[in-house]
Amino acid sequence: MSGGVIPKKDKLTDDERIEILRNLTAEYAKAKTYLPRSKSPLEFDANGTWDQAHWQMLTNAGGPGIAAREGDQLKITHVAFEGDKLVLEINGGLKSGTRFRDRLEVGVGNSTRPVSSGSGVATLGTNLAINFHKPMENLTAADVKKILAPLMTFDLRTVSRLYVETLPPEMQKAIADKRALEGMDREQVKLALGNPVTKYRETKEGIDLEDWIFGRAPGKITFVTFQGAKVVKVKEQYAGLGSETAPTRIIVP
Numbered sequence: 007m008s009g010g011v012i013p014k015k016d017k018l019t020d021d022e023r024i025e026i027l028r029n030l031t032a033e034y035a036k037a038k039t040y041l042p043r044s045k046s047p048l049e050f051d052a053n054g055t056w057d058q059a060h061w062q063m064l065t066n067a068g069g070p071g072i073a074a075r076e077g078d079q080l081k082i083t084h085v086a087f088e089g090d091k092l093v094l095e096i097n098g099g100l101k102s103g104t105r106f107r108d109r110l111e112v113g114v115g116n117s118t119r120p121v122s123s124g125s126g127v128a129t130l131g132t133n134l135a136i137n138f139h140k141p142m143e144n145l146t147a148a149d150v151k152k153i154l155a156p157l158m159t160f161d162l163r164t165v166s167r168l169y170v171e172t173l174p175p176e177m178q179k180a181i182a183d184k185r186a187l188e189g190m191d192r193e194q195v196k197l198a199l200g201n202p203v204t205k206y207r208e209t210k211e212g213i214d215l216e217d218w219i220f221g222r223a224p225g226k227i228t229f230v231t232f233q234g235a236k237v238v239k240v241k242e243q244y245a246g247l248g249s250e251t252a253p254t255r256i257i258v259p
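Using our numbering, read the sequence shown as starting at 7 and increasing by one per residue.
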């Protein structure tokens, strides 16, 4: 299967093609129905229909089997434009070697961690071809997600919940309690505290640091300091009117 941006056979602009690639590649979803494995990409019509009898045949004894069942977590691992079709590789496709479950890292955004068996993540991959039956035009990643709605959901709350369930218990509790912990990455902090009010970077003794600030005075203000991809310090400061503050405390995992 060809990959990335290829010579145009559609009416999409370069910006539209790049937007689709950027916002679909590495996206997570939850399966709403089973997805069979297939040597050739599974045909899925852009009007939301597919040959269910053919898909069922692929899952029967002697067939390639099932790549994902309802409720399994999916990841779009590759996107390609092929004529009138948009071809999506799901969970690594049919690549030989290690089962996808054993090499999958799950996450939200740029945050990932390995997944062990029994996690509710699809163990094998497949390929899906969305057939538009005409040159693609005026298409966005959001449009593609709507087209795929009969097969999978990209609802952020659903995908985030699946991701949180793969984290260690102490990390799950911190997110539920809306607390940041040392060792968290940026996406985990966002799940716990939301988006920061502001952030800034500085270099101390040759080390690049990035601070995220949550909250406003009067009230609690949380400072989260990243070194690289991980949190190295969390500080809570209680600020009153006129920037009066109470003593600070360092939170550790």
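Every residue gets a Cβ at the ideal spot worked out from N, C-alpha and C, and that includes glycine.
Check                                                                                                   : Outcome
Straight-line gap, D149 to E22 (C-alpha atoms, nearest Å)                                               : 11 Å
Expected contact under 8 Å - CB spacing of M142 and D90 to nearest Å                                    : 7 Å
Residue span of the beta strand (DSSP E) that contains W61, given as start and end                      : Segment Q58 to T65 is the alpha helix (DSSP H) holding W61; no beta strand (DSSP E) there.
T172 burial status per 10 Å Cβ neighbour count (16 or more: buried)                                     : buried
In DSSP terms, what R207 is bridged to                                                                  : E216
Three-state secondary structure assigned by DSSP to K140                                                : coil
Residues bridged to M260 [DSSP beta-bridge criterion]                                                   : Because residue 260 is not part of the residues shown, which for the chain are 7 to 259, the question remains open.
Residue of N97, R28, I219 and A52 minimising C-alpha distance to M44                                    : Just to set this straight, residue 44 is Ser in the shown sequence, not Met. That would be N97, whose Cα lies nearest to the Cα of S44.
As assigned by DSSP and simplified to three states, the class of E242                                   : strand
Reduced DSSP category for E171 - H, G, I as helix; E, B as strand; rest coil                            : coil
F138 versus T65: straight-line alpha-carbon distance, rounded                                           : 25 Å
First through last residue of the beta strand (DSSP E) which encompasses E49                            : L48 to D51
Backbone CA spacing between K205 and I219 [nearest angstrom]                                            : 6 Å
Supposed close pair N133, L80 - CB separation, criterion 8 Å                                            : Not a contact, Cβ separation roughly 12 Å.
Buried versus exposed call for N116 [16 or more other C-beta atoms within 10 Å across all chains shown] : Because N116 sits at a pLDDT of 42, beneath the cut-off of 50, its placement in the model cannot be relied upon, and the following sentence gives the value as read from the coordinates. Exposed: under 16 other Cβ atoms inside 10 Å.
For I72 and K226, the rounded distance between their alpha carbons                                      : 50 Å
Bounding residues of the alpha helix (DSSP H) (the contiguous stretch that carries L30)                 : D20 to L30
Distance, K152 Cα to A37 Cα                                                                             : 14 Å
DSSP state of L145 mapped onto helix, strand, coil                                                      : coil
Whether Q243 touches F232 by CB criterion (8 Å)                                                         : no
Residue range of the beta strand (DSSP E) that includes E95                                             : K91 to I96
Supposed contact pair T31 and V85 - C-beta distance, whole angstroms, cut 8 Å                           : 5 Å
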